[in-house]
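In what follows, a single structure is set out as structure tokens and then discussed.
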DNA sequence: CATTTTGACGCT
DNA sequence: AGCGTCAA
């Protein structure tokens with residue numbers, strides 16, 4: 001299977017809990033929970049072993065683990081906000097560096113001061129900057145390791161979230177001449193069992209690299225991570241779940257192993273299918289399979305959970321697509337297409353939020369906005385502008401859009417956006433604050449219990465984006481990155497692995513079959529999947545897509561003020577259904 | 001059951 | 001531009 005990709009997903013184990021364990025030097029056998037107000041947002045594995053879960057309260061934890069370590073996330077308080085100068089990232093960097101390099105005595109002191117002591121949510125906002133810092137450190141270290149071992153350009157690294165990233169190792173394994181890679185170290189799980197571990201030397205090489213990489217992060221920075229290795233991002237993510245904690249799970253590139261994965265994975269476990277959309281897929285599949293209920297209690301949910309990826313793949317596309325255009329398919333040709341790893345991928349938005357609980361705290365009418373929320377708004381605006389300035393320094397970009405969010409109920413979020421003040425504009429905080437207050441005062445929903453503000457739509461100010469930390473960071477990264485914006489983001493994405501909606505990014509390069517929703521090659525006369533003939537309407541829509549894409553690219557080129565070529569256009573590849581893995 | 005504070009992205 | 005969905 002020489003043309004298949006090899007993608008690894010790396011996932012830091014219970015990340016915030018690890019950060020605190022490292023920062024405060026907490027013995028590894030102790031159960032640790034990181035709290036945000038009264039509920040835990042991260043728990044380590046000893047705690048999980050005792051039955052402790054996310055959102056559990058401290059009293060309940062103590063019942064099952066009396067030695068529980070309870071650390072609260074960092075907060076910004078209303079009273080002591082922001083002594084640091086806006087835009088001085090170095091000040092904050094040294095602040096966080098200091099947090100993680102305490103002496104033994106300082107650690108012990110901080111531990112006793114913090115363990116079990118929670119701040120008041122009525123005068124503070126939770127802030128995860130402490131963990132963003134570690135995330136940056138780890139990602140930077142990963143790049144150093146990969147540059148050393150694989151070589152610059154020989155891999156692609158995409159940040160997926162604060163504690164997750166993808167590494168595309170296809171190029172590395174294709175180029176390498178290494179004949180007998182050293183054996184794997186650490187915990188390794190082979191999905192489908194050892195018997196499915198073929199003599200795939202390239203996959204073994206990639207697995208070996210991931211093992212070493214995990215080891216490197218553990219020895220240099222003291223953090224453990226789990227990893228999944230597979231032919232694409234979705235399967236890598238799935239595999240990583242099997243490797244937890246502190247292990248590597250490989251989905252070998254054999255159809256036998258793929259069969260096992262498809263049969264043993266509930267479709268609800270697949271990224272993107274945990275919510276309403278996944279439920280709709282399940283509903284349709286259940287109907288197709290002749291299960292109509294009536295269902296008692298949790299029966300329905302249980303049936304949904306039992307639906308494997310294979311079962312979904314066995315359904316015709318139109319059964320799944322009745323409402324949401326869902327299609328179940330494996331990657332394109334050779335089972336390898338799709339979801340290209342986006343190199344770098346710096347964050348696309350910066351947001352800050354604060355929720356208020358109880359009637360006393362919430363904002364009931366226009367008059368309450370300034371009196372009750374004024375101080376919060378000021379704090380959040382300062383925090384946002386400061387982070388945007390830091391980001392600007394690091395990534396040499398600025399944002400176009402300012403968006404204010406508020407809601408009276410978790411399900412009814414309202415938002416209003418406007419132009420973000422320019423980088424050199426005077427009084428950025430003041431103008432943002434003004435818009436924030438005005439937007440809330442004009443609210444049609446009361447009481448307001450949650451407010452937030454975000455900066456989005458970043459555009460480059462010049463060449464050379466740094467991605468994780470700026471150049472002289474603690475991990476010693478000095479190389480500028482060669483990441484280029486826009487083009488990469490525009491061209492790369494087509495998500496087609498198991499069950500996806502045809503992505504918008506394909507507009508202009510395919511025609512979309514009405515019968516089965518498949519995105520066909522631009523010049524195909526009949527649908528490659530269901531053989532339906534291309535109609536006049538299809539032609540018209542295709543022409544419209546072409547025009548739209550053309551317009552979009554023109555607009556993009558002007559907006560960022562640099563010469564943007566059309567670039568490489570991704571070709572739609574022939575889809576291979578899950579069924580193909582099972583013959584017939 | 002939902003909790004909070006993030007973040008990405010799709011639809012109209 | 002505004003709202004909805006999904007995830008951790």
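Numbering (this note's numbering), first residue to last: 1 to 584.
Just so you know, even glycine gets a beta-carbon here, dropped at the ideal spot from N, CA and C.
Everything numeric in this text was worked out from a predicted model, so none of it was measured.
| Backbone secondary structure at residue 452 - three-state DSSP | It is a strand residue.
| What do you reckon, are the CB atoms on residue 141 and residue 221 nearer than 8 Å? | When the beta-carbon positions are compared, residue 141 and residue 221 come within less than 8 Å of each other.
| Can you check whether the CB of residue 45 is closer than 8 Å to the CB of residue 245? | The answer is yes: Cβ separation under 8 Å.
| Hey, residue 248 and residue 227: beta-carbon distance below 8 Å or not? | Against a cut-off of 8 Å, the Cβ pair of residue 227 and residue 248 comes out as a contact.
| query | Near residue 19, what residues of its chain come up, given a Cβ to Cβ distance below 6 Å and the 5 sequence neighbours on each side ignored? | reply | Only 131, 134 meet the Cβ criterion.
| said: Once DSSP output is grouped into helix, strand and coil, what is the label at residue 355? | reply: Residue 355 falls in the strand class under three-state DSSP.
| query | beta strand (DSSP E) containing residue 414: first to last residue? | reply | It spans 413-419 - the beta strand (DSSP E) in which residue 414 sits, taken as one unbroken run.
| task | Please specify which runs of the alpha helix (DSSP H), each continuous and at least 4 residues long, are wholly inside the region 82-149, giving them in chain order. | result | Within the region 82-149, the complete alpha helix (DSSP H) runs of at least 4 residues are 89-99, 104-114, 129-149.
| query | For residue 35, which residues does DSSP report across the bridge? | reply | Bridge partners of residue 35: 40, 72.
| message | Helix, strand or coil for residue 294? Go by DSSP, reduced to three states. | response | In the structure shown, residue 294 sits in coil (DSSP, three-state: anything other than H, G, I, E or B).
| request: Please report how far the alpha carbon of residue 292 lies from the alpha carbon of residue 304, in whole angstroms. | output: Taking the Cα positions, residue 292 is about 12 Å away from residue 304.
| query | Are the beta-carbon atoms of residue 49 and residue 68 separated by less than 8 Å? | reply | Cβ distance not < 8 Å, so residue 49 and residue 68 don't count as in contact.
| task | Give every residue of the same chain whose Cβ lies closer than 8 Å to the Cβ of residue 376, excluding the five residues on either side of it in the sequence, and list them in chain order. | result | Correct list, in chain order: 78, 125, 354, 451.
| message | Output needed for residue 458: all residues of its chain with C-beta closer than 6 Å, excluding positions within five of it in sequence on either side, in chain order. | response | Closer than 6 Å at Cβ, skipping near neighbours: 397, 399.
| query | Beta-carbon separation of residue 89 and residue 434 under 8 Å? | reply | No, the Cβ-Cβ distance between residue 89 and residue 434 is not below 8 Å.
| task | On a CA-only basis, which of 311, 439, 401 is nearest residue 369? Give me that one, please. | result | The shortest C-alpha separation from residue 369 is found at 439.
| field | Backbone secondary structure at residue 336 - three-state DSSP | value | Bear in mind that a pLDDT of 33 at residue 336, under 50, signals an unreliable position, so the model cannot answer this.
| query | Would a C-beta distance cut-off of 8 Å place residue 445 and residue 407 closer than the cut-off? | reply | With contacts defined by Cβ atoms closer than 8 Å, residue 445 and residue 407 form a contacting pair.
| request: Measure the C-alpha to C-alpha separation of residue 384 and residue 57 and round it to an integer number of angstroms. | output: Each residue's Cα considered, the two are about 30 Å apart.
| message | Looking only at its chain, what residues have a beta carbon closer than 7 Å to the beta carbon of residue 110, apart from the 5 residues adjacent to it on each side? | response | Cβ neighbours of residue 110 beyond the five flanking positions: 24, 102.
| task | Pull up the distance between the alpha-carbon of residue 207 and that of residue 390, whole angstroms please. | result | Between the C-alpha atoms of residue 207 and residue 390 there is a straight-line separation of about 36 Å.
| said: Can you list, in chain order, the residues of its chain with a C-beta nearer than 7 Å to that of residue 253? Leave out the 5 residues immediately preceding and following it. | reply: Within the same chain, residue 253 has close Cβ partners 1, 4, 200, 203, 231.
| task | Can you grab the Cα-Cα spacing for the pair residue 240 / residue 423, in whole Å? | result | Their Cα atoms are separated by approximately 41 Å.
| field | Per-residue burial, residue 143 [other beta carbons within 10 Å of its own, 16 or more giving buried] | value | Buried, since its Cβ has 16 or more Cβ neighbours within 10 Å.
| said: As a quick exercise: from 259, 361, 351, pick the residue whose alpha carbon is nearest that of residue 314. | reply: Selected option, being the one with the closest Cα: 259.
| query | In whole angstroms, what separates the C-alpha of residue 119 from that of residue 37? | reply | Distance between the alpha carbons of residue 119 and residue 37: 8 Å.
| message | Considering only their Cβ atoms, is the gap separating residue 42 from residue 17 smaller than 8 Å? | response | Taking 8 Å as the Cβ cut-off, residue 17 and residue 42 qualify as a contacting pair.
| task | Name the one or two DSSP bridge partners that residue 398 has. | result | Partner(s): 459.
| According to DSSP, residues forming a beta bridge with residue 405 | Bridge partners of residue 405: 415, 452.
| message | Please report the distance separating the alpha-carbon of residue 349 from that of residue 121. | response | C-alpha of residue 349 to C-alpha of residue 121: approximately 25 Å in a straight line.
| field | Whole-Å CB distance - residue 309 paired with residue 270, under 8 Å assumed | value | Between residue 270 and residue 309 the Cβ distance is about 7 Å, and since that is below 8 Å, they are a contact.
| Exposed or buried, residue 413, counting other C-beta atoms within 10 Å across all chains shown (16 or more means buried)? | Looking at its Cβ environment, which holds fewer than 16 other Cβ atoms inside 10 Å, residue 413 is exposed.
| field | Distance between beta carbons of residue 6 and residue 238, contact taken as under 8 Å | value | Not really, about 15 Å apart at Cβ, beyond 8 Å.
| query | Between the C-alpha atoms of residue 351 and residue 288, what's the straight-line distance to the nearest angstrom? | reply | Rounded to whole angstroms, the separation of the alpha carbons of residue 288 and residue 351 is 42 Å.
| query | Expressed to the nearest angstrom, what Euclidean distance is found between the alpha-carbon atoms of residue 366 and residue 404? | reply | Looking at the two C-alpha atoms, the distance is approximately 16 Å.
| Test item: CB-CB of residue 217 and residue 209 under 8 Å | No, these two residues do not count as a Cβ contact at 8 Å.
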